[in-house]
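**Student:** Shown below is the structure under consideration.
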Amino acid sequence: MEILIVEDEPDIAELIEQSLEEEGFCCRICHDGFSALEAVRTSPPDLIVLDLRLPGLDGLEVCARIRQQHIPKDPYILMLTARGEEIDRIIGLSTGADDYFVKPFSPRELIARVRALLRRSLRHGGESQVYRTASFTVDVDRHVAHRHYHHEPASVLDLTHLEFKLLTLFVKHPRRVCDRTQLIEYLWGDNFFGNERVIDTHIARLRKKIEPDPRQPRFIKTVVGVGYKFEDDTPSSLN
4 MEILIVEDEP DIAELIEQSL EEEGFCCRIC HDGFSALEAV RTSPPDLIVL
54 DLRLPGLDGL EVCARIRQQH IPKDPYILML TARGEEIDRI IGLSTGADDY
104 FVKPFSPREL IARVRALLRR SLRHGGESQV YRTASFTVDV DRHVAHRHYH
154 HEPASVLDLT HLEFKLLTLF VKHPRRVCDR TQLIEYLWGD NFFGNERVID
204 THIARLRKKI EPDPRQPRFI KTVVGVGYKF EDDTPSSLN
């Protein structure tokens, strides 16, 4: 497993690198946001340890741009910051980070967070299937989703890592009502530290990309007081 460390303080970057390499991970280091984007573009890692406060291009912008890139491997992002206010956690997760960690930190706890994130890829790694509804096709193995409304040619959806996971869940389980706690568990596991309303942000962004009219959702319906459900024709799954 390869990990990209994006940290402008050399001492902290070296501490993270040493701690992770002692656990058998292969690490690279970047000290600013622009070089990190180039590193991800040329050789996507499995996971990125990303400092929030970077010179030039901060971690939030780096995270958002990574999620917008069309790359074969969409890495997990563990965001680091010296600040612990809840609003920072919410903003970080809403831009596409998978987990959030506050400095100063214990190297052992950092390693535990990294391993927890990487276990998710193993947890969901057996889903080498294609799931279809009347309007969508989700290829989990290739990490590609298509929209095909009745009289329109199929188009590839430009989704972030979290948006793709949400759509996959919805397409696999139409008409199932999912509350925010269930969605948080699916997206972030046990490592979520923030307000559950961050889910609403991701739902709103996904609606903008898949709904004919996001103001009157046709597919992702709000279940008042509970959460969300996806409605479309019965899906089929292909090996």
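FYI, our numbering numbers position 69 of the sequence shown as 72, with every residue one higher than the one before it. C-beta: ideal position from N, C-alpha, C; glycine also. Since we're looking at a predicted model, the values are computed, not measured.
1. Please give the ranges of any alpha helix (DSSP H) in the stretch 197-242, keeping only runs that are unbroken, at least 4 residues long and fully inside the region.
2. May I ask you to report which of helix, strand or coil DSSP gives PHE108?
3. Exposed or buried, what is ALA115 when buried is set at 16 or more other beta-carbons lying within 10 Å of its beta-carbon?
4. Return the chain-ordered list of same chain residues with a C-beta closer than 7 angstroms to the C-beta of ASP182, the five sequence neighbours on each side being excluded.
5. Straight-line CA distance for GLU20 to ASP102?
6. State the Cα-Cα distance for the pair ILE15 and ALA100, rounded to the nearest angstrom.
7. Under a three-way DSSP split, which group does ARG179 fall into?
8. Assess, as a yes-or-no matter, whether the stretch 28-40 is touched by the stretch 48-67 under the definition of 3 or more beta carbon pairs within less than 8 angstroms.
9. Indicate whether LYS211 and PRO217 have their beta-carbon atoms separated by less than 8 angstroms.
10. In whole angstroms, give me the CA-to-CA distance for CYS29 and TYR79.
11. What does DSSP give as the partner residue(s) for TYR189 in the beta ladder?
12. What residue from SER22, GLU26, CYS33 has the CA that sits closest to ASP11's CA?
13. Starting from the Cα of LYS106, find the closest Cα among HIS205, ALA157, GLY27, LEU53 and give me that residue.
14. Excluding the 5 residues preceding and the 5 following PRO110 in the sequence, name in chain order all residues of the same chain whose CB lies nearer than 7 angstroms to its CB.
15. So is ASP77 buried or exposed if we call it buried at 16+ other beta carbons inside 10 Å?
16. Does the beta-carbon distance from GLY67 to THR98 come in below 8 angstroms?
17. Using 8 angstroms as the threshold, is the C-beta distance between VAL65 and VAL9 below it?
18. For LYS175, which residues in the same chain have their Cβ closer than 6 angstroms to its Cβ, ignoring the five residues on either side in sequence?
19. Classify GLU166: buried if its beta carbon has 16 or more other beta carbons within 10 angstroms, exposed otherwise.
20. Compare the C-beta of TYR189 with all C-beta atoms of chain B and state if any pair is closer than 8 angstroms.
21. Return yes when the Cβ of HIS149 is within less than 8 angstroms of the Cβ of THR136, no when it is not.
22. Give the straight-line distance between the Cα atoms of HIS164 and ARG70, rounded to the nearest whole angstrom.
23. Using the C-alpha atoms, what's the distance from VAL147 back to VAL159?
24. Please classify LEU83: does DSSP put it in a helix, a strand, or coil?
25. Can you tell which of GLU24, ALA85, LEU169, GLU26 has the C-alpha that lies nearest to the C-alpha of ALA207?
**Tutor:** Per the coordinate set shown:
1. 201-213
2. In the sequence shown, counting from the first residue as 1, residue 108 sits at position 105. Note: PHE108 maps to coil in three-state DSSP.
3. Walking along the sequence shown from the start, residue 115 turns up at place 112. That one is exposed.
4. Within the sequence shown, residue 182 is the residue found at index 179, counting from 1. Taken in chain order, the residues that qualify are VAL229, GLY230.
5. Counted from its first residue, the sequence shown places residue 20 at position 17. Counted from its first residue, the sequence shown places residue 102 at position 99. Answer to the nearest angstrom: the Cα atoms are 18 angstroms apart.
6. The residue you call residue 15 lines up with position 12 of the sequence shown. The residue you call residue 100 lines up with position 97 of the sequence shown. If I take the Cα positions, the gap works out to 20 angstroms.
7. The sequence position of residue 179 within the sequence shown is 176, counting from 1. If DSSP states are grouped into helix, strand and coil, ARG179 belongs with coil.
8. yes
9. Position 208 of the sequence shown, counted from the first residue, corresponds to residue 211. Position 214 of the sequence shown, counted from the first residue, corresponds to residue 217. In contact: LYS211 and PRO217 (Cβ atoms closer than 8 angstroms).
10. Here the question's residue 29 lines up with position 26 in the sequence shown. Here the question's residue 79 lines up with position 76 in the sequence shown. In a straight line, the C-alpha of CYS29 is about 15 angstroms away from that of TYR79.
11. If you number the sequence shown from 1, residue 189 lands on position 186. Looking at the DSSP assignment, TYR189 forms no beta bridge with any residue, so it has no partner.
12. On the sequence shown, position 8 is the one that residue 11 refers to. Nearest option by C-alpha distance: CYS33.
13. One-based indexing of the sequence shown puts residue 106 at position 103. Considering only alpha carbons, the answer is LEU53.
14. As a position in the sequence shown, residue 110 is number 107, starting the count at 1. Excluding positions up to five away in sequence, the list reads LEU18, SER22.
15. Reading the sequence shown from its first residue, position 74 is the one you call residue 77. Buried, because 16 or more other Cβ atoms sit within 10 Å of the Cβ of ASP77.
16. Here the question's residue 67 lines up with position 64 in the sequence shown. Here the question's residue 98 lines up with position 95 in the sequence shown. Before going further, note that residue 67 is Ala rather than Gly in the sequence given. For ALA67 and THR98, yes; Cβs fall inside 8 angstroms.
17. The residue you call residue 65 lines up with position 62 of the sequence shown. The residue you call residue 9 lines up with position 6 of the sequence shown. Yes; because the gap between Cβ atoms is below 8 angstroms, this pair is in contact.
18. Residue mapping note: residue 175 aligns to position 172 of the sequence shown, counting from 1. Closer than 6 angstroms at Cβ, skipping near neighbours: TYR134.
19. Along the sequence shown, read from residue 1 onward, the residue named residue 166 stands at position 163. Buried.
20. Here chain B cannot be found, since the structure has a single protein chain.
21. Translated into positions along the sequence shown, residue 136 becomes position 133. Translated into positions along the sequence shown, residue 149 becomes position 146. It is not a contact, given that the beta carbons lie outside the stated cut-off.
22. For the purposes of this step, residue 164 is identified with residue 161 of the sequence shown, where counting begins at 1. For the purposes of this step, residue 70 is identified with residue 67 of the sequence shown, where counting begins at 1. Distance between the alpha carbons of HIS164 and ARG70: 6 angstroms.
23. Here residue 159 refers to the residue found at position 156 of the sequence shown. Here residue 147 refers to the residue found at position 144 of the sequence shown. So the two alpha carbons sit approximately 7 angstroms from each other.
24. Taking the first residue of the sequence shown as position 1, residue 83 is located at position 80. Strand, per DSSP.
25. Working through the sequence shown from its first residue, we reach residue 207 at position 204. Of the candidates GLU24, ALA85, LEU169, GLU26, the one whose C-alpha sits nearest the C-alpha of ALA207 is LEU169.
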